[in-house]
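See below for the structure under consideration.
Numbering (our numbering), first residue to last: 1 to 324.
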């Protein structure tokens, strides 16, 4: 369980999830949160991670660092997605153990599940079918991260936990037009169309695919809730070789419904055109969050509310994205 005086290392603190976790740790009064920028610590460098862990010897590690992106980025940079994520996971997990860290939280992704997994996706669906082609390298790396944590638990008796979030969004997201996820990409497209007075916005796919979305502040709260559980409570809902927990909203919307909501939030008056020659990705991705609910946690931020706050954040920071 988390102690407010123990040292907590958050890897990936400048990312969307990592920054939300650090903010909540600070707000809750945790007094010894350790972070490093990429320039200060390259997590793909084994020797650098070893030296850092041996020097700092954190009591808890939250592994939120990852190379992430949407369908386009996963298609264009598959080697980068699998290599960088595998290296980060292997280095951080192993060197945390070597430095005596007993508790670690690994953040994965809902894309670990088979493309045609039964809906809603239960934790037990892992490794039961073929993955979605567009993000298979990233998904395989995240599956490896889960198995790393399980293997160290089984061999060394550590308490390394894994959480699989659904699609996340919120402040500090990546709003790059080509390399971002669906919500920030849509916010950017609708906003740019509004400011340029463009009569149409073109979106990928048919709009029929269904997706679940969770605000990043809810994700951060879930992470801290799960880390704060006793090992007995955590293990009551998991198995040694099926140890991950889903984190999601428990409900989904079509991409078309999402687009129309964002269109209203941005107050864009033009027309949406669907480019059906582009891929939809998986037809549906809804998480079964029954286990997490039984452990006493559920989200607080409704989708429309979260989208509105995310657009306000983007609007306040839009100057940072104009060059992208």
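Where is the CB? At the ideal position from N, CA and C, for every residue including glycine.
Residue 30 counts as buried, since at least 16 other C-beta atoms from the protein chains shown sit within 10 angstroms of its C-beta. The Cβ atoms of residue 121 and residue 288 sit closer than 8 Å to each other. As the crow flies, the alpha-carbon of residue 23 is around 28 Å from that of residue 232.
In the displayed model, residue 156 falls within a helix according to three-state DSSP. Counting C-beta pairs closer than 8 Å gives three or more between the segment 78-93 and the segment 36-49, which meets the contact rule.
If you draw a 10 Å sphere on the C-beta of residue 154, you find fewer than 16 other C-beta atoms in it, and that means exposed. Residue state for residue 241 is assigned as coil, using DSSP reduced to three classes.
The segment 100-108 and the segment 268-275 do not touch, with fewer than three beta-carbon pairs separated by less than 8 Å. Ranked by Cα distance from residue 62, the options 138, 69, 252, 19 are led by 19. If you draw a straight line from the Cα of residue 4 to the Cα of residue 57, it is about 16 Å long. Boundaries of the alpha helix (DSSP H) harbouring residue 315: 303-317, taken from the DSSP string. Looking at the backbone, the Cα of residue 263 and that of residue 299 are separated by about 24 Å. Apart from the 5 residues on each side of it in sequence, residue 142 sits with its Cβ closer than 6 Å to the Cβ of 108, 109, 112 in its chain, given in chain order. Here residue 158 is buried: its Cβ has 16 or more other Cβ atoms, across all protein chains shown, within 10 Å.
When rounded, the separation of the alpha-carbon atoms in residue 152 and residue 310 is 38 Å.
Note on residue 1: under 16 other CB atoms within 10 angstroms of its CB, so exposed under the neighbour-count rule. In this structure, 139 is the residue among 147, 119, 211, 139 with its C-alpha nearest to the C-alpha of residue 66. In the DSSP assignment, residue 11 forms a beta bridge with 63. In this structure, the CA atom of residue 169 is about 14 Å from the CA atom of residue 259.
Residue 251 carries a coil assignment under DSSP once its states are collapsed to helix, strand and coil.
The Cβ atoms of residue 165 and residue 219 sit closer than 8 Å to each other. Going by DSSP, residue 169 is part of no alpha helix (DSSP H) but of the beta strand (DSSP E) stretching over 167-169. Restricting attention to 118, 137, 114, the CA atom closest to the CA of residue 129 is found in 114.
Comparing alpha-carbon positions, the option among 187, 194, 12, 91 lying closest to residue 145 turns out to be 91.
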